[in-house]
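A.B. asks: Going line by line, the protein sequences match chains P and G. So for the first sequence, my numbering puts the first residue at -11; every next one is plus one. So for the second sequence, my numbering puts the first residue at -11; every next one is plus one. For reference, the structure I am asking about is given below.
Protein chains: 2
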Amino acid sequence: RIPDSTIRRLPAYLRVLESQKEERTTSVALGERTGYSSEQVRKDLAYFGAFGTRGVGYDVSQLGQQIRHILGLDRSVTAVLVGVGHLGTALLRYTQEGVRDVQFAAALDNNPQVIGGAIGSIVVEDIKHLESVVRERKIRLAVLTVPAAAAESVALRLAEAGVGAILNFAPVPILTDQDRVLVQNLDLTLEMQAMAYFVTEHDDL
Amino acid sequence: RIPDSTIRRLPAYLRVLESQKEERTTSVALGERTGYSSEQVRKDLAYFGAFGTRGVGYDVSQLGQQIRHILGLDRSVTAVLVGVGHLGTALLRYTQEGVRDVQFAAALDNNPQVIGGAIGSIVVEDIKHLESVVRERKIRLAVLTVPAAAAESVALRLAEAGVGAILNFAPVPILTDQDRVLVQNLDLTLEMQAMAYFVTEHDDL
Ligand SMILES: NC(=O)c1ccc[n+]([C@@H]2O[C@H](COP(=O)([O-])OP(=O)(O)OC[C@H]3O[C@@H](n4cnc5c(N)ncnc54)[C@H](O)[C@@H]3O)[C@@H](O)[C@H]2O)c1
Ligand SMILES: NC(=O)c1ccc[n+]([C@@H]2O[C@H](COP(=O)([O-])OP(=O)(O)OC[C@H]3O[C@@H](n4cnc5c(N)ncnc54)[C@H](O)[C@@H]3O)[C@@H](O)[C@H]2O)c1
Chain P
-11 RIPDSTIRRL PAYLRVLESQ KEERTTSVAL GERTGYSSEQ VRKDLAYFGA FGTRGVGYDV
49 SQLGQQIRHI LGLDRSVTAV LVGVGHLGTA LLRYTQEGVR DVQFAAALDN NPQVIGGAIG
109 SIVVEDIKHL ESVVRERKIR LAVLTVPAAA AESVALRLAE AGVGAILNFA PVPILTDQDR
169 VLVQNLDLTL EMQAMAYFVT EHDDL
Chain G
-11 RIPDSTIRRL PAYLRVLESQ KEERTTSVAL GERTGYSSEQ VRKDLAYFGA FGTRGVGYDV
49 SQLGQQIRHI LGLDRSVTAV LVGVGHLGTA LLRYTQEGVR DVQFAAALDN NPQVIGGAIG
109 SIVVEDIKHL ESVVRERKIR LAVLTVPAAA AESVALRLAE AGVGAILNFA PVPILTDQDR
169 VLVQNLDLTL EMQAMAYFVT EHDDL
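Structure follows, in structure tokens:
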């Protein structure tokens, strides 16, 4: 079995491989462009039998296909987005611009002024249809971009309707006392905090 | 010196510590709530001398303060956001909602209909003032949420004005042939891809 922490790094390797023009790459090059050490890259790739050839490295297109297969991207993943406000709209538009491997099959909201509007090819539907949308379209993944106050109640409905994972942007923990649904909390300010370190002066630690 | 990969994990530990009610925690608990292994947590914390007490763990408030100091969060970091569209607006609002450690000191756009508008306490300014805004307010960090076509030219102006790091959301690489300014590319669909793995069926790998 491949460790979860390795799986979480694979999309970053895939991004680099897909934006690369050369036919071959090395663990050092992949490391530099993703921020991981070259040992970490070698270790991760070895889990699924990609060892590369000493002195020559890895074949870019073959490695990309291997990672796509592992992530299940060769079988397209459908997701539902709930909360079509500023962040939700930006995400819906972004996943329809160019080749993004995850497509939204539905977008839900509770505001009558938002319901019925189109974002690219997706028409926003009323959240009252959440259960039937998730079941009929076999949706396994949800992205939650509702205000903090609505997050837990919407997450409970998604879990009961059968999603397997939720990417949560609301700044509150959700579904904390169960472990059937995978919850990933994302905080864009965390990225900013990490960068703050690199631009502020430091006394000797 | 603390390795960059450790620094990148510290904000995630800080989030967990700050949402914790208990007075003590352990590397296992921190690992579970952030997704890293407990060995990784112990190794990271040991870099700055936080060893915890065997069997008792770490003091939550003390560890939080240590991490805040290392990340330079006890000296507030000011940032500029460029491109006040859907994503930019969501980020500006979010960083003003509750205690977020990074504050935006300015928001810039080139659309006359956006300039002069207020998002919380921030009034959007014209991007033609980029240089003077960065210099006069001593801004070291920039967040780029402009369309792909504008990303490189805006990034060059930010670099020349003196920012030290850019968090880039546009789906194109920027400032690739220099290494004075730190660039971090962020792709929210990467998180979705990693989660897709956990919800799709896998043949034996
Ligand atoms: N994690 C991060 O880094 C980050 C960054 C920006 C925003 N956020 C968070 O993301 C969320 C969305 O932010 P935004 O700026 O897009 O907010 P917004 O107010 O623009 O959008 C919220 C949307 O959710 C809808 N909504 C509200 N209650 C609902 C419910 N019960 N069911 C269905 N839809 C509902 C609203 O109609 C609206 O369209 C907020 O929780 C915010 O704190 C997080
Ligand atoms: N990385 C990700 O996961 C992710 C997710 C969503 C969106 N995006 C990207 O983020 C960017 C913003 O997305 P959005 O949905 O908010 O787009 P948007 O069109 O709503 O916003 C873009 C804003 O930039 C401004 N702008 C355009 N050219 C400019 C220039 N030269 N100088 C200053 N301002 C300028 C526009 O006036 C507008 O306000 C896009 O590049 C999009 O692809 C990335």
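Even for Gly, the Cβ is constructed at its ideal location relative to N, Cα and C.
Compute the distance between the beta-carbons of Y1 of chain P and L18 of chain P, then report whether it is under 7 Å.
C.D. replies: Cβ atoms of Y1 of chain P and L18 of chain P: closer than 7 Å.
A.B. asks: Are the CB atoms of M183 of chain G and A153 of chain P within a distance shorter than 7 Å?
C.D. replies: yes
A.B. asks: Residues of the segment 12 to 25 of chain P in Cβ contact with chain G at a cutoff of 8 Å, in chain order, please.
C.D. replies: Listed in chain order, the positions of the segment 12 to 25 of chain P with a beta carbon within less than 8 Å of a beta carbon of chain G are G23, Y24 and S25.
A.B. asks: Buried or exposed for Q166 of chain G, please, with buried defined as at least 16 other CB atoms from any protein chain shown within 10 angstroms of its CB.
C.D. replies: exposed
A.B. asks: Please confirm whether P135 of chain P has its beta-carbon closer than 7 Å to some beta-carbon of chain G.
C.D. replies: Not one chain G Cβ lies under 7 Å of P135 of chain P.
A.B. asks: Quick check: what's the CA-CA separation for A143 of chain G versus A137 of chain G?
C.D. replies: 11 Å
A.B. asks: Report yes if the CB atom of V68 of chain G is closer than 7 Å to the CB atom of I127 of chain G, and no otherwise.
C.D. replies: Yes, these two residues count as a Cβ contact at 7 Å.
A.B. asks: Buried or exposed: which applies to A94 of chain P, given that a residue is buried once 16 or more other Cβ atoms fall within 10 Å of its Cβ?
C.D. replies: buried
A.B. asks: List, in order along the chain, the chain G residues whose C-beta lies closer than 7 Å to that of Q181 of chain P?
C.D. replies: P(-1), L59, L61, D89 and V90
A.B. asks: Enumerate in chain order the residues of its own chain whose CB-to-CB distance from R145 of chain P is below 6 Å, with the five nearest sequence positions on each side excluded.
C.D. replies: L118
A.B. asks: In the segment -3 to 49 of chain P, which residue ranges form an unbroken alpha helix (DSSP H) of at least 4 residues, counting only runs that do not cross its ends?
C.D. replies: 15 to 22 and 26 to 35
A.B. asks: Output yes or no for whether 7 Å exceeds the beta carbon distance between F157 of chain G and T133 of chain G.
C.D. replies: yes
A.B. asks: Do P100 of chain G and ligand 2 come close, with the Cβ less than 6 Å from some heavy atom?
C.D. replies: no
A.B. asks: So S7 of chain P contacts chain G; which residues on that side make the cut at Cβ distance below 8 Å?
C.D. replies: P161
A.B. asks: Tell me, to the nearest whole angstrom, how far the beta carbon of V131 of chain P is from that of L155 of chain P; I am working on the premise that it is less than 8 Å.
C.D. replies: Going by Cβ atoms, the distance from V131 of chain P to L155 of chain P rounds to 5 Å, so yes, they are a contact pair.
A.B. asks: Report the residue ranges of all alpha helix (DSSP H) runs contained in full by the segment 53 to 112 of chain P; include only those spanning at least 4 residues, in chain order.
C.D. replies: DSSP runs (the alpha helix (DSSP H)) wholly in the segment 53 to 112 of chain P: 74 to 82.
A.B. asks: Are V48 of chain G and T22 of chain G close, meaning C-beta to C-beta below 7 Å?
C.D. replies: No, these two residues do not count as a Cβ contact at 7 Å.
A.B. asks: Can you find a C-beta in chain G that's less than 7 Å from the C-beta of I103 of chain P?
C.D. replies: no
A.B. asks: Does the distance between the C-beta of Y82 of chain G and the nearest non-hydrogen atom of ligand 1 fall short of 6 Å?
C.D. replies: yes
A.B. asks: Hey, could you find the ends of the beta strand (DSSP E) L132 of chain G is sitting in?
C.D. replies: L129 to L132
A.B. asks: Hey, F92 of chain G and I103 of chain G: beta-carbon distance below 7 Å or not?
C.D. replies: no
A.B. asks: Where does T41 of chain P land, buried or exposed, given buried means 16+ other C-beta within 10 angstroms?
C.D. replies: exposed
A.B. asks: Can you tell me the Cβ-Cβ gap for R125 of chain G and T77 of chain G, rounded? I've got them flagged as a contact below 8 Å.
C.D. replies: With 8 Å as the limit, R125 of chain G and T77 of chain G do not qualify as a contact, their Cβ atoms being about 21 Å apart.
A.B. asks: For L144 of chain G, report the span of its beta strand (DSSP E) as first-last.
C.D. replies: From DSSP, L144 of chain G is part of no beta strand (DSSP E) but of the alpha helix (DSSP H) over A136 to A149.
A.B. asks: Select from G:D175, G:R81 and G:H74 the residue whose C-alpha is nearest the C-alpha of I107 of chain P.
C.D. replies: G:H74
A.B. asks: Are the beta-carbon atoms belonging to T99 of chain G and I115 of chain G less than 7 Å from one another?
C.D. replies: According to the sequence displayed, residue 99 of chain G carries Asn and not Thr. The answer is no: Cβ separation not under 7 Å.
A.B. asks: In angstroms with no decimal places, state the Cα-to-Cα distance between Q8 of chain P and L79 of chain P.
C.D. replies: 25 Å
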